[in-house]
Amino acid sequence: MLNLIQNEWIKIFKQIGTYIMIGLVVLLVIGNGAITKYLDSKAEPVDQDWKQELTISNQQHAANMETMPMTKEFFKQQIAINEYRIEHDLAPEYTTTVWTFIQDSASFISFAGLFVIIIAAGIVANEFTWGTVKVLLIKPFHRWKILMAKYTTVILFLLLVLGVLFVSAAAIGAILFGTGGEASNVHLAYVKGTVVEQSLLLYLIKSYLLNSLSIFLLATMAFMISAVFRVSGLAIGISIFLLMMGGTVTQLLAMKFDWAKYSLFANTNLMQYADGSPLVEGMTMSFSITMMLIYFFIFHLLAFIFFTKRDVAT
Numbered sequence: 053m054l055n056l057i058q059n060e061w062i063k064i065f066k067q068i069g070t071y072i073m074i075g076l077v078v079l080l081v082i083g084n085g086a087i088t089k090y091l092d093s094k095a096e097p098v099d100q101d102w103k104q105e106l107t108i109s110n111q112q113h114a115a116n117m118e119t120m121p122m123t124k125e126f127f128k129q130q131i132a133i134n135e136y137r138i139e140h141d142l143a144p145e146y147t148t149t150v151w152t153f154i155q156d157s158a159s160f161i162s163f164a165g166l167f168v169i170i171i172a173a174g175i176v177a178n179e180f181t182w183g184t185v186k187v188l189l190i191k192p193f194h195r196w197k198i199l200m201a202k203y204t205t206v207i208l209f210l211l212l213v214l215g216v217l218f219v220s221a222a223a224i225g226a227i228l229f230g231t232g233g234e235a236s237n238v239h240l241a242y243v244k245g246t247v248v249e250q251s252l253l254l255y256l257i258k259s260y261l262l263n264s265l266s267i268f269l270l271a272t273m274a275f276m277i278s279a280v281f282r283v284s285g286l287a288i289g290i291s292i293f294l295l296m297m298g299g300t301v302t303q304l305l306a307m308k309f310d311w312a313k314y315s316l317f318a319n320t321n322l323m324q325y326a327d328g329s330p331l332v333e334g335m336t337m338s339f340s341i342t343m344m345l346i347y348f349f350i351f352h353l354l355a356f357i358f359f360t361k362r363d364v365a366t
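Going by my numbering, the residue at position 89 of the sequence shown is 141; the numbering climbs one at a time, nothing skipped.
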């Protein structure tokens, strides 16, 4: 199995497009850093009476809780966190630091995910396009092992792209903005009705991983379509369309219909539970994890059935 994964990894990095993809992720982070640095230099100094600002903000949150009951839990958390800051003299960070820059760069996960989807969509279909599938199946390995090695390679590539995004954001952020004060290195989380201090670094890593769940499942779906239909273009087109529109459509449906909670995109954002504001009332983290596992199983079942049962050598 390790030899199969190694061979798939070599195939990916024999393509110049792979290096272009990774380079674009790094260039995007550099460009964002330059723009952020320029905007910071033009920004007016912020009023340093942060305790008064947080007090006013809490008053506004309290008023919003009355007018917007759907987001009551969110405002409740914000009020508790602001009160904790005031009580423990933890000033919020108004300027850009390496930590806020890493957090802002998480918005590029979807962009980086496009490249993962492209790899996932082509890793099986390209064997048919290039005519190398016959040679691949001559090797003394079961078809399911070949397919599993390809899928494992896709997941490793996803982790690589996430790592490149995170590390490049950390490096550029540290160079351009510094680490900030002691308070900026702490993440305040609202856990079971209590505000607790957490490692900001661990929070950011968790945030990147959780925010990439939709990419993970879309890459799995693209892999399945590639194995079933043997056409990378179809897999790329459907997956990218869902990446761009799936979340928006799901949010619109969730406003009217409770059954929207069973859709894929209603469950991929586990950060909604960390924020205390699930998309559909009554949804829980265990429910979302269960739904994602069901989709994951269905995608793999279809891929393995079609790849192992069809006469793919012809």
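Think of the CB as a built atom: it goes at the ideal place given N, C-alpha and C, for glycine as much as any other residue.
Since this is a predicted model, take the numbers as computed values, not measurements.
*For Leu166, which of Phe356, Ile267, Asn55, Thr272 has the nearest alpha-carbon?*
The residue you call residue 166 lines up with position 114 of the sequence shown. Cα-wise, what sits closest to Leu166 is Ile267.
_Please report the straight-line C-alpha distance between Ile323 and Asn263, rounded to a whole angstrom._
Position 271 of the sequence shown, counting from 1, holds the residue named residue 323. Position 211 of the sequence shown, counting from 1, holds the residue named residue 263. Contrary to the premise, residue 323 reads as Met rather than Ile in this sequence. Roughly 8 Å between the two C-alpha positions.
*With distances taken between CB atoms, is the gap from Ile288 to Ile170 smaller than 7 Å?*
Working through the sequence shown from its first residue, we reach residue 288 at position 236. Working through the sequence shown from its first residue, we reach residue 170 at position 118. Their beta carbons are under 7 Å apart, which means Ile288 touches Ile170 by this criterion.
*Between Met73 and His113, what straight-line distance do the alpha-carbon atoms span, to the nearest angstrom?*
By 1-based counting over the sequence shown, the position of residue 73 is 21. By 1-based counting over the sequence shown, the position of residue 113 is 61. Their Cα atoms are separated by approximately 42 Å.
*Using the Cα positions of Thr272 and Phe358, report the straight-line distance between them to the nearest angstrom.*
Counted from its first residue, the sequence shown places residue 272 at position 220. Counted from its first residue, the sequence shown places residue 358 at position 306. Cα to Cα, the separation comes out at about 15 Å.
_Determine whether the beta carbon atoms of Met296 and Asn319 lie at a separation below 7 Å._
Within the sequence shown, numbered from 1, the residue matching residue 296 stands at position 244. Within the sequence shown, numbered from 1, the residue matching residue 319 stands at position 267. No; because the gap between Cβ atoms is not below 7 Å, this pair is not in contact.
*Say whether the segment 124-135 touches the segment 219-234, bearing in mind that this needs 3 or more beta-carbon pairs closer than 8 Å, one atom from each stretch.*
Here the segment 124-135 makes no contact with the segment 219-234; the two share fewer than three CB pairs at distances below 8 Å.
*For the alpha helix (DSSP H) containing Glu118, list its first residue and its last residue.*
Residue numbering aside, residue 118 sits at position 66 when the sequence shown is read from its first letter. Per DSSP, Glu118 belongs to the alpha helix (DSSP H) from 102-119.
*Range of the contiguous alpha helix (DSSP H) that encloses Ser159*: Here residue 159 refers to the residue found at position 107 of the sequence shown. First-last for Ser159: undefined, no H or E at that position.
*Continuous alpha helix (DSSP H) stretch holding Tyr242: start and end*: Mapped onto the sequence shown, residue 242 falls at position 190. Counting along the chain, Tyr242 falls outside any alpha helix (DSSP H), though it belongs to the beta strand (DSSP E) covering 238-243.
*Buried or exposed: where does Glu179 fall if 16 or more other Cβ atoms within 10 Å of its Cβ makes it buried?*
As a working note, residue 179 is residue 127 in the sequence shown. Only buried fits Glu179, as 16 or more other CB atoms lie within 10 angstroms of its CB.
*asked:* Whole angstroms are fine: how far does the CA of Gln111 sit from the CA of Met120?
replied: Along the sequence shown, one-based indexing puts residue 120 at 68. Along the sequence shown, one-based indexing puts residue 111 at 59. Distance between the alpha carbons of Met120 and Gln111 is about 14 Å.
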